[in-house]
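Chains as they are written, first to last, in UniProt numbering: chain A, 1 to 319; chain B, 1 to 319.
Positions of the beta carbon are idealized from the N, C-alpha and C atoms, including for glycine.
Quick caveat, the model's predicted, so the values are computed rather than measured.
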DNA sequence: CACAATCGCGAGCATTTGCCCATAGCCTGA
DNA sequence: TCAGGCTATGGGCAAATGCTCGCGATTGTG
């Protein structure tokens, strides 16, 4: 049964998949798996945990937990949402992304299963990245996946949260990265960038997206924009003073969900936020700090769909 | 949306789902779950295992295991299949249905996700039943699910392997059970049965199915037909002597996959086997005993798709 | 109202699992 | 060819898990 294949990597993941299968699907103990694959118990354990850490095993929970359904209903009614998912929270790890990542992957999967061509536009960020990791491998050459913003720092280095490339390679779709930094150095540079044919085309695709999935960033000293180095602490403080409430694909908006007219936004290179009326625009966010940003975005109808967790949903509804 | 609250069953499953989520998705230990849900460690353990046994947690393995892919390719080429899935085997539990059930559920799900109306025709049997249990809850009122055969014994009692009703309630589709026994008492009774308007309509739906999923039964003393009491040991032996090789929705066929002209078949009430050219007809079967039956069915093109496991696939290819 | 059957609960214990560590094989580069 | 480092392996152990048993509560029944 245990065959030695040639490329060590493939064989190893193959064995990991097999071990994971025997463990999770067939319900063997690791001892039994070890015997069946002809390795030691410890190796079997390593294979199983490799299968988990490589995300070969995907766990999905199939029960409408009443509390989550109630919260979904309330949010949907209050903000008129086209897509809404509320997943359980783990009170001790309030920022856990796995849950919303799985839910978001399910939303993506639904669109990907369509036989007709669909355009899917993505933002960036940890949540988006986690979501893409939850997608199964598929073969969907009919779709196009397009990034709404660049993933470069202004010095040309890449941020690690690039979702588009990873997603495209997982599902086998054509993809359109956004070949620009996140923010331009100044308005002049931005004009030049936006003049490029490729950029225009990518932006145009974004406006036609059948599904848009974006992270929602808060404003503050722990904000992604600040932590990932797109903004200095001083700029951030200035924005806070001007009443900034949140940020989507780097576009900073106020508590009413209006994109602000500020120095920073004038340098943002991302595609303009989509107008309501086209495909669903789904925000992906959990966390205490993000409630204000999410509420503002919903309020201003910058997003018309939301994937979040119980704790955040409760916070959104409270006032 | 939230159905009858405060029924202990709902609450209990709800808690089980939550516990399962905290365990499998959030990665808590059962001790932590116990604290968070305010129950004892043992209760938490029970909730988690309830979530598993009630099939609330679905595990999916997302890696193309090389050996399975090789076998799929070989089978597909040899028999010209429209659908083929080979899942790993557990050598010590060769008849384990979970694996093919998951794979078959994925095939069904793909069809169910279509926004256009689809007709799905099902057989019966343990494998079909296990498959349906693996389906997630969905809301697909656009589809129709139709049974290709009755699930009644001739005395009117029901067999427990009814897949259609269960599936329809899980996915919220219209369904058409087959309101007849599996076999009629005699040809005259059969004529009367088939004269009924409802039966005609159901059979007509079967011929238009976009996807047909059936179990493949072997012939022999352990055959489903025999074990489930549709045939006496003597009838079975007579069929074996006449060269019967297998059975699909109770239609008995020979080693070349030709439906036999025999006394038993003249009493079978099931919808006639679909002709090639319409939607895929997928057989679902594992087990040493079934290899002959599967090979004959593939050979005679009674089915043009197959979901099986490694061990069975190997046996099918070994001349 | 009393009794019996059933169910859920927690204690205790055997099994299983995860992880650290020492070791042995293997590759790299001089 | 050999030293040095790196990775995979299996032993051992502590933590986590699953299971059985006896108890008490709850429900159904005569």
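How would you label residue i, buried or exposed, when you count the other beta carbons within 10 angstroms and need 16 or more for buried?
i, result
"residue 183 (chain A)", "buried"
"residue 224 (chain B)", "buried"
"residue 7 (chain A)", "Residue confidence for residue 7 (chain A) is low, a pLDDT of 47 falling below 50, so the modelled location carries little weight and cannot support an answer."
"residue 222 (chain B)", "exposed"
"residue 201 (chain B)", "exposed"
"residue 323 (chain B)", "Chain B is shown from 1 up to 319; residue 323 (chain B) falls before or after that span and cannot be answered."
"residue 233 (chain A)", "exposed"
"residue 266 (chain A)", "exposed"
"residue 53 (chain B)", "exposed"
"residue 127 (chain A)", "buried"
"residue 115 (chain A)", "exposed"
"residue 88 (chain B)", "buried"
"residue 14 (chain A)", "buried"
"residue 118 (chain A)", "buried"
"residue 270 (chain B)", "buried"
"residue 324 (chain A)", "Outside the displayed range of chain A (1 to 319) lies residue 324 (chain A), so it cannot be described from this structure."
"residue 151 (chain B)", "buried"
"residue 306 (chain A)", "buried"
"residue 287 (chain B)", "buried"
"residue 320 (chain A)", "No statement about residue 320 (chain A) is possible, as the shown extent of chain A runs from 1 to 319 and does not include it."
"residue 1 (chain B)", "Confidence is the limiting factor: at residue 1 (chain B) the pLDDT is only 32, short of 50, which leaves the residue's position unreliable and the question unanswerable from this model."
"residue 51 (chain B)", "buried"
For the candidate residues the options, whose alpha-carbon lies nearest to that of residue i?
i, options, result
"residue 97 (chain B)", "B:81, B:132 and B:79", "B:132"
"residue 185 (chain B)", "B:268, B:216, B:240 and B:149", "B:268"
"residue 248 (chain B)", "B:124, B:162, B:234 and B:263", "B:124"
"residue 134 (chain B)", "B:19, B:13 and B:102", "B:102"
"residue 274 (chain A)", "A:264, A:263, A:289 and A:251", "A:251"
"residue 58 (chain B)", "B:137, B:282 and B:178", "B:137"
"residue 263 (chain B)", "B:41, B:231 and B:276", "B:231"
"residue 289 (chain B)", "B:180, B:218 and B:301", "B:218"
"residue 318 (chain B)", "B:291, B:149 and B:64", "B:291"
"residue 207 (chain B)", "B:139, B:260 and B:149", "B:149"
"residue 80 (chain B)", "B:34, B:122 and B:301", "B:301"
"residue 299 (chain A)", "A:189, A:78 and A:277", "A:78"
"residue 177 (chain B)", "B:159, B:140 and B:95", "B:159"
"residue 104 (chain A)", "A:51, A:85 and A:191", "A:85"
"residue 214 (chain A)", "A:143, A:189, A:130 and A:139", "A:130"
Mind checking who residue i pairs with in its DSSP beta bridge?
i, result
"residue 85 (chain A)", "A:307"
"residue 61 (chain B)", "A:57"
"residue 175 (chain B)", "B:145"
"residue 253 (chain B)", "B:246 and B:259"
"residue 167 (chain B)", "DSSP output for residue 167 (chain B) lists no bridge partner at all."
"residue 283 (chain B)", "B:214 and B:306"
"residue 268 (chain B)", "B:183"
In the DSSP assignment, find the unbroken beta strand (DSSP E) run with residue i in it and report its ends.
i, result
"residue 219 (chain B)", "No beta strand (DSSP E) holds residue 219 (chain B); DSSP gives it neither H nor E."
"residue 121 (chain B)", "119 to 122"
Can you tell me the Cβ-Cβ gap for residue i and residue j, rounded? I've got them flagged as a contact below 8 Å.
i, j, result
"residue 71 (chain B)", "residue 285 (chain B)", "That belief does not hold up - the Cβ atoms of residue 71 (chain B) and residue 285 (chain B) are roughly 14 Å apart, past 8 Å."
"residue 37 (chain A)", "residue 18 (chain A)", "7 Å"
"residue 147 (chain B)", "residue 164 (chain B)", "4 Å"
"residue 145 (chain B)", "residue 173 (chain B)", "5 Å"
"residue 31 (chain A)", "residue 46 (chain A)", "Residue 31 (chain A) to residue 46 (chain A), Cβ: 14 Å. No contact."
"residue 22 (chain A)", "residue 90 (chain B)", "6 Å"
"residue 61 (chain B)", "residue 20 (chain A)", "6 Å"
"residue 272 (chain B)", "residue 304 (chain B)", "Wrong, their Cβ atoms sit about 16 Å apart, outside the cutoff."
"residue 294 (chain B)", "residue 283 (chain B)", "6 Å"
"residue 167 (chain A)", "residue 122 (chain A)", "7 Å"
"residue 25 (chain B)", "residue 99 (chain A)", "6 Å"
If I follow the unbroken alpha helix (DSSP H) through residue i, where does it start and stop?
i, result
"residue 192 (chain B)", "187 to 195"
"residue 71 (chain B)", "66 to 79"
"residue 240 (chain A)", "233 to 241"
"residue 110 (chain A)", "98 to 112"
"residue 132 (chain A)", "126 to 133"
"residue 290 (chain A)", "Counting along the chain, residue 290 (chain A) falls outside any alpha helix (DSSP H), and DSSP gives it neither H nor E."
"residue 35 (chain A)", "30 to 37"
Taking 7 Å as the cut-off, is the CB of residue i close to at least one heavy atom of the ligand SAH?
i, result
"residue 96 (chain B)", "The ligand SAH is not part of the structure shown, which contains no ligands of any sort."
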